[in-house]
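Going line by line, the protein sequences match chains A and B. Here the first sequence is numbered in my numbering, starting from 1 and rising by one per residue. Here the second sequence is numbered in my numbering, starting from 1001 and rising by one per residue.
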Amino acid sequence: MLSAKSDIISRLKREILPLEGLRATRPESARGLGLDFMSEAFPQGSFPLGAVHELINEGAESAIASVGFIAGLLGGLMKNGGATVWIGNAPTLFPPALKTFGINPGQVIFIDLKKEKDQLWAMEEALKCSALSAVIGEIPELSFTHSRRFQLAVEQSKTTGFILRNSPRALTPNACIARWKIKPLPSINEEGLPGLGHPAWEVSLLKIRNGRPQSWIVEWKNGKFRQVAEAAPAIILHPTRKTG
Amino acid sequence: MPRFVTIWFRHLKTDWQSVRQPTLRSLPFVLAIPDHGRKIITAANPLAQQQGIEPGMVVADAKAIFPSLKIIDDDPSLPEKLLKSIAKYCIRYTDTVAIDLPDGLILDATGCAHLWGGEKNYIAEINSRLTNRGYDVRATMADTIGAAWAIAHYGGSSPIIEPGKQMEALLNLPPSALRLEPEVTDRLYKLGLRKISQFINMPRAALRRRFGQHTILRLDQALGNADEPITPIIPPEPFRERLPCLEPIVTLTGIEIALQRMLNAQSLTLNAKGMGLRKAVFTCYRIDNKVEQVEIGTSRATANPKHLFKLFEEKIQTIEPALGIELFILDATRTEKIINRQESIWSTTGGLEDPAIAELVDRLSNRFGSSPIKRYQPDERHMPENSFKPVVNLLESMVDGSRLTVDGFQWTTDRLRPISLLSRPEPIDVTAPIPDYPPMNFRYRNKLHKIKKADGPERIEPEWWISEGRHRDYYAVEDEEGGRYWIFRAGHYAADRSPNWFIHGYFA
Chain A
1 MLSAKSDIIS RLKREILPLE GLRATRPESA RGLGLDFMSE AFPQGSFPLG AVHELINEGA
61 ESAIASVGFI AGLLGGLMKN GGATVWIGNA PTLFPPALKT FGINPGQVIF IDLKKEKDQL
121 WAMEEALKCS ALSAVIGEIP ELSFTHSRRF QLAVEQSKTT GFILRNSPRA LTPNACIARW
181 KIKPLPSINE EGLPGLGHPA WEVSLLKIRN GRPQSWIVEW KNGKFRQVAE AAPAIILHPT
241 RKTG
Chain B
1001 MPRFVTIWFR HLKTDWQSVR QPTLRSLPFV LAIPDHGRKI ITAANPLAQQ QGIEPGMVVA
1061 DAKAIFPSLK IIDDDPSLPE KLLKSIAKYC IRYTDTVAID LPDGLILDAT GCAHLWGGEK
1121 NYIAEINSRL TNRGYDVRAT MADTIGAAWA IAHYGGSSPI IEPGKQMEAL LNLPPSALRL
1181 EPEVTDRLYK LGLRKISQFI NMPRAALRRR FGQHTILRLD QALGNADEPI TPIIPPEPFR
1241 ERLPCLEPIV TLTGIEIALQ RMLNAQSLTL NAKGMGLRKA VFTCYRIDNK VEQVEIGTSR
1301 ATANPKHLFK LFEEKIQTIE PALGIELFIL DATRTEKIIN RQESIWSTTG GLEDPAIAEL
1361 VDRLSNRFGS SPIKRYQPDE RHMPENSFKP VVNLLESMVD GSRLTVDGFQ WTTDRLRPIS
1421 LLSRPEPIDV TAPIPDYPPM NFRYRNKLHK IKKADGPERI EPEWWISEGR HRDYYAVEDE
1481 EGGRYWIFRA GHYAADRSPN WFIHGYFA
């Protein structure tokens, strides 16, 4: 009886997901990202592609950690020669370094726009383009309306969007599928080696639609993400269970 | 098979004078220019010619023959102006009209004659129209310009040479009918070759040796074995759409409908020829004689009307219809061949070759200009800030293999490089124990960073053959909070000054 009930619930969940604008990502493309250890936090067990993610950064170090995390993801997304668009305020990225993350720097189109209005417009246009592997926007303020426009765009095009929000003024609810926060951690050295080790971050998934927020300690080693320690206790910001 | 009409104006300049001053019609008169202190006749009207007065005579001699001869000053630039205006008038017969100085017009009448009910009527129409305007003309038609010119000037029973019959028509004409240089004609006459039939079958090599390549060319052009390019007075716009409106258009919706219809028509013609559009101009002619124009460009040849309409959509907002637009013209000012690529079925996201990306770049550059959109390629320079440069032509190199080593340079990956580079290094305060050791801590933007781990130094020298400057010793450092930075010291330690330290980037 109980198993039948859970069957029904899981079937209903599967049916609801597409209605909410989340398409089942093909597992093989999500597996290329190397985030398998995170799978239980995600809806349907795979990193949601074809959706918009936002990354909250406070301070330059955290922003760079987010860039590094995205670069690692892009390396997987662009594996088969795809192109990406990076919309920002001013050129900050150092193209030669992208190579370390498995990205061909020539496949990234940089668009530097000063006005926020222009950035939002460009972001939406780029998200509508189904030929792109991913679109990254450095846009600090994101209103609910814009996030929903982005969401509608990606539902059509199945492109993945990342919004880097550097020191946002307000964290209002929006239509992004996930809210991440990446914090740099002291690098992890190989046994007894001096100097800088492999970059390590504390990756917190603050919010995820139909998933379980969680946080991990991740290092970038030999072109792959790797979980370092046991996952920290899940961060539950909004209790999902209601009583009564 | 092409068909050409040549129109010969026998008395172009004098006819024009008579049209201007009808009293001259019944008088013998000549046009003359001063030359070495005397006056030389350049044109004589038919009445004067009947008196035996020919161009090239001195005015004094002519006056001796006919004392009451009227003399008018000639203007050497006149024929060109006249022919141009008549050529514009002749656009009604065909859209390809060229002027043939000093006294003729060439019309490319291919496929036009049937609109006038046959070639005979076509020629008769041209003759009568121009005669009514007061010009003495002879219009002829043939497969080649050379043959038409020959029978215009040197007769022939009919003004029309049937297709493929130019050889027979030319046989009985004198050599000068071939538009040869005067010296060549003289030489031919001297040799007793008074008809084209006498030398047309001579071996080509012998003709070339005696009379030059030009003679062979003219002969071939008259027979239709060689092309003769003409310069139309209105250069042809190969891809042009016109949409005249019965009622003037004043609304945006109206303009959009017009544009959409024209783009659809144009993409059909473009597709038929396998061409794509790179630049297009949309021109609106208003009823108050003002012209409104918008222009778009694409990064890759395309004939997709939907995409082109999107590009125009932003710009047509600026069109001011005022009292109304009565004519729309869409010109493809730059076109290129579309190179069809094999569509790949499997890859979900194409590379930069994907037309959807070209369309995205078009839309963005249409709105922001092309300067904010960049792609980078490696540059073989030492200093990190110079080690990459924007690709000059954003999409051109995307087309030919975007694996990106445009200049043959490779991205270097052997050294640790920060993911973010500051546009210019910013000074920091540093405490360093001994020379060439990484610093213990540094202060940047009023925050003290205690360094826990460090790599370096990596010395980067400026290129002495390009720029002067001090070398830099770079260290990759990590503070206790896990922030990773790229800092450097400029130059050597010196006793007399404190060393300059800078931060240049962040590691992920």
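Ideal Cβ positions, reconstructed from N, Cα and C, are used throughout, including at glycine. Source: prediction; values computed, not measured.
Taken through DSSP and simplified to helix, strand or coil, N89 (chain A) comes out as coil. Contact between the stretch 1234-1250 of chain B and the stretch 1319-1332 of chain B is present, with at least three C-beta pairs closer than 8 Å. DSSP assignment within the stretch 1234-1308 of chain B yields the following whole alpha helix (DSSP H) runs of 4 residues or more, N-terminal first: 1252-1273.
Linking H1011 (chain B) to L1191 (chain B) through their CA atoms gives a straight-line distance of about 32 Å.
Any Cβ of chain A closer than 8 Å to the Cβ of G1146 (chain B) would place that residue at the interface, and such an atom is absent.
Annotation for W1008 (chain B): D1103, G1104, V1137, R1138, A1152, H1153 place their beta carbon closer than 7 Å to its own, counting only its chain and skipping 5 residues before and after. Taking a cut-off of 8 Å on C-beta distances, the stretch 1232-1242 of chain B does not touch the stretch 1313-1324 of chain B, as fewer than three cross pairs fall below it. Comparing C-alpha distances from Q227 (chain A) to each of A:I136, A:F110, A:F69, A:H146 shows the shortest one belongs to A:F69. The beta-bridge partner set that DSSP reports for Q214 (chain A) consists of A:L205. In this structure, the CA atom of R1300 (chain B) is about 14 Å from the CA atom of L1270 (chain B). Under the 10 Å beta carbon count, N1225 (chain B) is surrounded by fewer than 16 other beta carbons and is classified as exposed.
In this chain, D1414 (chain B) is not harboured by any alpha helix (DSSP H), its DSSP state being neither H nor E.
Taking C-alpha positions only, T1298 (chain B) is separated from E1336 (chain B) by approximately 11 Å. Shown here, F1009 (chain B) sits in a strand according to DSSP, grouped into three states. Chain order gives the chain A residues near S1420 (chain B) as I64, V67, T92, L93, F94, where near means a beta carbon separation below 7 Å. In terms of beta-carbon proximity, E1380 (chain B) stays away from the interface with chain A, with every pair separated by 8 Å or more.
Within chain B, not a single residue places a beta-carbon under 7 Å from that of I103 (chain A); the smallest gap is close to 10 Å. Ranked by Cα distance from A1113 (chain B), the options B:L1130, B:A1205, B:R1003, B:I1200 are led by B:R1003. Counting the other CB atoms within 10 Å of its CB gives I1234 (chain B) a total below 16, which places it among the exposed residues. Listed along the chain, the chain A residues whose CB falls inside 7 Å of the CB of A1476 (chain B) are L196. The contact set of G1505 (chain B) on chain A, defined by CB atoms closer than 8 Å, consists of F94 in chain order. Between L1170 (chain B) and A1147 (chain B) a beta carbon distance of about 6 Å is seen, short of the 8 Å cut, so the two are scored as contacting.
Going by beta carbons, H198 (chain A) and W216 (chain A) fall outside the 8 Å limit.
Secondary-structure assignment with DSSP links D1455 (chain B) through a beta bridge to B:A1476.
Interface criterion not met: the Cβ of I1428 (chain B) is under 8 Å from no Cβ in chain A.
Neighbours of Q1377 (chain B) across chain A, judged by C-beta separation under 7 Å: G106.
Fewer than three Cβ pairs drawn from the stretch 76-87 of chain A and the stretch 58-68 of chain A lie within less than 8 Å of each other, which leaves the two stretches out of contact. Beta-bridge partners assigned by DSSP to V1391 (chain B): none are found. The way I'd put it, the stretch 188-203 of chain A doesn't touch the stretch 2-9 of chain A; fewer than three beta-carbon pairs between them come closer than 8 Å. With 16 or more other Cβ atoms from the protein chains shown falling within 10 Å of its own Cβ, I1419 (chain B) counts as buried. Beta-carbon to beta-carbon, L164 (chain A) and I136 (chain A) are separated by about 7 Å, close enough to satisfy the 8 Å threshold.
If the five residues before and after Q1166 (chain B) are omitted, its C-beta is found closer than 7 Å to the C-beta atoms of A1142, D1143, T1144, A1147, A1222, L1223, G1224, all from its own chain and listed in chain order. Proximity of F1442 (chain B) to chain A, defined by a Cβ-Cβ separation below 8 Å, is not satisfied. The beta carbon of L33 (chain A) sits no closer than 8 Å to any beta carbon of chain B. With a 10 Å radius around the Cβ and a threshold of 16 neighbouring Cβ atoms, P1203 (chain B) comes out exposed. Annotation: the stretch 1350-1374 of chain B contains the following complete segments of the alpha helix (DSSP H) (minimum length 4 residues), in chain order: 1355-1368.
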